[in-house]
Amino acid sequence: MKLRSISNWLQNRATDVAVAMLTVMFLSFILQIFFRYVMRNPLGWTQEITLTMWLWLVFWGAAFMLKDRDHISFDILYLAVSQKVRRIFALVSAVALVAGFVASLPATYDYVEFMSIRRSSSLRIRLDIVFSVYLIFAVAIIARYSLRAFSLVRGADPDADAGPEPKV
Numbered sequence: 039m040k041l042r043s044i045s046n047w048l049q050n051r052a053t054d055v056a057v058a059m060l061t062v063m064f065l066s067f068i069l070q071i072f073f074r075y076v077m078r079n080p081l082g083w084t085q086e087i088t089l090t091m092w093l094w095l096v097f098w099g100a101a102f103m104l105k106d107r108d109h110i111s112f113d114i115l116y117l118a119v120s121q122k123v124r125r126i127f128a129l130v131s132a133v134a135l136v137a138g139f140v141a142s143l144p145a146t147y148d149y150v151e152f153m154s155i156r157r158s159s160s161l162r163i164r165l166d167i168v169f170s171v172y173l174i175f176a177v178a179i180i181a182r183y184s185l186r187a188f189s190l191v192r193g194a195d196p197d198a199d200a201g202p203e204p205k206v
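Converting from the sequence shown to this note's numbering requires adding 38 to each position, the first position being numbered 1.
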């Protein structure tokens, strides 16, 4: 029970971060429109903020907010087999995802670290900070699908979508 309440709290904080990023992105977008079309003096940094927030929102949301059922899937074969075979399919998928992301982690880290020498054009934000969201995403996916594989080995329902619903 305690673990479930901690999980709910963390899920809600992830949602709060996403809401904050969406708010920043929206306000930047509104500023961009106002200065471009009303003041006739466009601001370059608003586009950079909007794009950076979009990038972060996509990976943050995929890492912490989307559930398996929210992803697009081609499940004709999966739905045609028994529960036991579904568990095997889900386990193989989880292990493959973990293996792929673990294998890509060193190169991903090297690239993100390499990008520390570059800065964004308007705000001069180091690009390793901008692209670090992908590392967060990769580690979250590794953790999520490792836990899923573990639960499937222990006999969990392969169609159950683990994780709490965010409270909005």
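All C-beta atoms, glycine included, are put in the ideal place defined by N, C-alpha and C.
Three or more C-beta pairs below 8 Å linking the region 83-97 and the region 111-118: no
For residue 42: DSSP bridge partner residues: Bridge partners of residue 42: none, in fact.
Burial state of residue 77 (16 or more Cβ within 10 Å): When all chains shown are included, residue 77 counts as exposed.
Residue 52 vs residue 179 beta-carbon contact at 9 Å: Against a cut-off of 9 Å, the Cβ pair of residue 179 and residue 52 comes out as no contact.
Beta-bridge partners of residue 164, as assigned by DSSP: 157
Buried versus exposed call for residue 168 [16 or more other C-beta atoms within 10 Å across all chains shown]: buried
Neighbourhood of residue 170 by C-beta, 7 Å cutoff - its chain only, sequence neighbours within 5 removed: Closer than 7 Å at the Cβ level, and outside the excluded window around residue 170, lie 150.
Residue 200 versus residue 49: straight-line alpha-carbon distance, rounded: Residue placement at residue 200 cannot be trusted, given a pLDDT of 45 that sits under 50; the coordinates are not used to answer.
Buried or exposed by the 16-neighbour rule on C-beta atoms within 10 Å, applied to residue 98: buried
Buried versus exposed call for residue 217 [16 or more other C-beta atoms within 10 Å across all chains shown]: An answer regarding residue 217 cannot be provided, because it is not within the stretch 39 to 206 covered by the chain.
Three-state class that DSSP yields for residue 77 in the structure shown: coil
Simplified DSSP assignment, three categories, for residue 196: coil
Assigned exposure category for residue 75 - 16 Cβ within 10 Å defines buried: exposed
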